[in-house]
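Quick notes on the structure that follows.
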Amino acid sequence: MSGPIRNIVILSGAGISAESGLRTFRASDGLWEDHHVEDIATPEGFRRDPALVQRFYDDRRAQVRAAQPNPAHVALARLDREWSGNLLIVTQNIDDLHERAGAARVLHIHGEALSAWCTACDARHRWNDPLSDTPPCPACGTTALRPDIVWFGEIPYRMDDIIDAIDRADLFVSIGTSGAVYPAAGFVQQAGAAGVRTLELNLERSQGSQWFDESRLGPASTLVPQWVD
Ligand code: BJW
3 MSGPIRNIVI LSGAGISAES GLRTFRASDG LWEDHHVEDI ATPEGFRRDP
53 ALVQRFYDDR RAQVRAAQPN PAHVALARLD REWSGNLLIV TQNIDDLHER
103 AGAARVLHIH GEALSAWCTA CDARHRWNDP LSDTPPCPAC GTTALRPDIV
153 WFGEIPYRMD DIIDAIDRAD LFVSIGTSGA VYPAAGFVQQ AGAAGVRTLE
203 LNLERSQGSQ WFDESRLGPA STLVPQWVD
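For the sequence shown, my numbering assigns the number 3 to the initial residue and increments by one for each residue that follows.
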C-alpha cells in the first residue's frame, strides 16, 4: 500500500487485557487450564452441563467488572476519538475495557460477558448478575438465558461488516492475539490479499506472524501508546 492512511481496522485479543489482570487463553496459566475447552466453550458442553458453563461465565463476568482499562485501551480510545477516517476495533475479547476506556467504534466478534442471550425469544439483555440463578428472560419470561458468547462451532458476529471493513482498509493492526482461532486468525491474510498494510503488536510472534508486513514485540501497554503517538 502507498499513499495516506484513512481507513484502519484493529483486531484485539486477550493479550491487550492481560495487563488489566484478565487471563489469556493459551498461556501456561491460561483460562482453560482448569477446564477442558470442549466442556466450557462449545454448545455441546453447554447442553451437557449448563450449570458448569453458567458458573464459569458468572466468574468471568465478575472478573471483567473488577478489571480496569490499561494504557493500551486508553491509547486506542484516544485514536478512536481523534481519527477522522474510518476506524473499526474488532475485538475477540468479551470484556468491555475498550468501551470503558472511551472507544465507541468497537465490534465484539466473540460476544460480550455483560450480555445475556435468550435462546427462546432471541432477545439480548445487558447483564451483570449470575446466570446460574436461572433468572427469567425480561422479554419473554422463560429461563432460556445463556451467556452471549460465540463458542467453538458457532458463527462469529458481524462477519460481513468485518470483511467489508478490511477490504476497504489502508492499515490492519493486530494486537495481543495468538492467531490460533479462526476466522479472526485469517483476517491478516485477507488484508494482505486486498493490498492492505499489516502490522502486529504482540508479546511474542503469533502463529500467523509471517503474514504481517511488520511485527513489533513487547507488552501492549507500551507498544500501543507508542504506535498511536
Ligand atoms: C500479550 C500480552 C501483553 C499476552 N501484551 N500481548 C480453520 C482451521 C481449523 C479450525 C477452524 C478453522 N476455521 C474455523 C475453525 C474452528 C474454530 C477454530 O478456530 N479452532 C482453532 C482452535 C483451530 N473456530 C470456530 O469454531 C469459530 N467459528 C467458526 O469458525 O464458525 C464457522 C464460520 C466462520 C465464519 C463464517 C461462517 C462460518 C468460533 C470461534 C469462537 C472462539 N471463542 C473463544 C471463547 C469465547 C469467549 C470467551 O470465553 O472469552 O474466544 S475461544 C478463545 O480464543 C476466545 C478468544 O477470543 C479466542 C482467541 O484467543 P486470543 O485472544 O488470541 O488469546 P490467546 O490466549 O490465544 O493469545 C493471547 C496472545 O496475547 C498471545 O500471543 C500472547 O503472547 C499475547 N500477550 N500478554 C501483548 N501484555
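Idealized CB from N, CA, C, for every residue including glycine.
Query, Result
"heavy atom of the ligand BJW below 7 Å from G210 C-beta", "no"
"Residue nearest to I96 in terms of C-alpha spacing, selected from L89, V76, G104 and R67", "R67"
"Contact check, R218 vs L205, beta carbons under 8 Å", "no"
"Helix, strand or coil at G15 according to DSSP, with G and I counted as helix", "coil"
"Where H100 falls: helix, strand or coil (DSSP)", "helix"
"Secondary structure of R218, DSSP reduced to three states", "strand"
"C-alpha gap between S211 and L116, whole angstroms", "32 Å"
"heavy atom of the ligand BJW below 7 Å from V66 C-beta", "no"
"Whether E156 touches P45 by CB criterion (8 Å)", "yes"
"Identity of the residues DSSP links to T119 by a beta bridge", "Inspection of the sequence shows that residue 119 is occupied by Trp rather than by Thr. Answer is R126 and R148, bridged to W119."
"Residues bridged to F174 (per DSSP)", "V11 and T200"
"Extent of the continuous alpha helix (DSSP H) to which H75 belongs", "P73 to E84"
"R107, buried or exposed, once every other Cβ within 10 Å from all chains shown has been counted against 16", "buried"
"Exposure of T136, with buried meaning 16 or more beta-carbon neighbours within 10 Å", "exposed"
"Opening and closing residue of the alpha helix (DSSP H) in which I42 lies", "V39 to I42"
"Proximity winner among G5, I7, L13 and A69, relative to V183 (alpha-carbon distances)", "L13"
"Cutoff 6 Å; reference L225; Cβ partners in own chain excluding five residues on either side", "L203 and R218"
"Inter-residue CB distance, A103 and I91 (contact presumed, cutoff 8 Å)", "With a Cβ gap of about 10 Å, A103 and I91 do not count as contacting."
"contact_flag[the region 62-80, the region 15-23] where n(CB pairs < 8 Å) is 3 or more", "yes"
"Whole-angstrom distance between C120 and A171, CA atom to CA atom", "35 Å"
"Chain B within 8 Å of D215, Cβ atoms only", "In summary, chain B is missing from the structure at hand, where a single protein chain is found."
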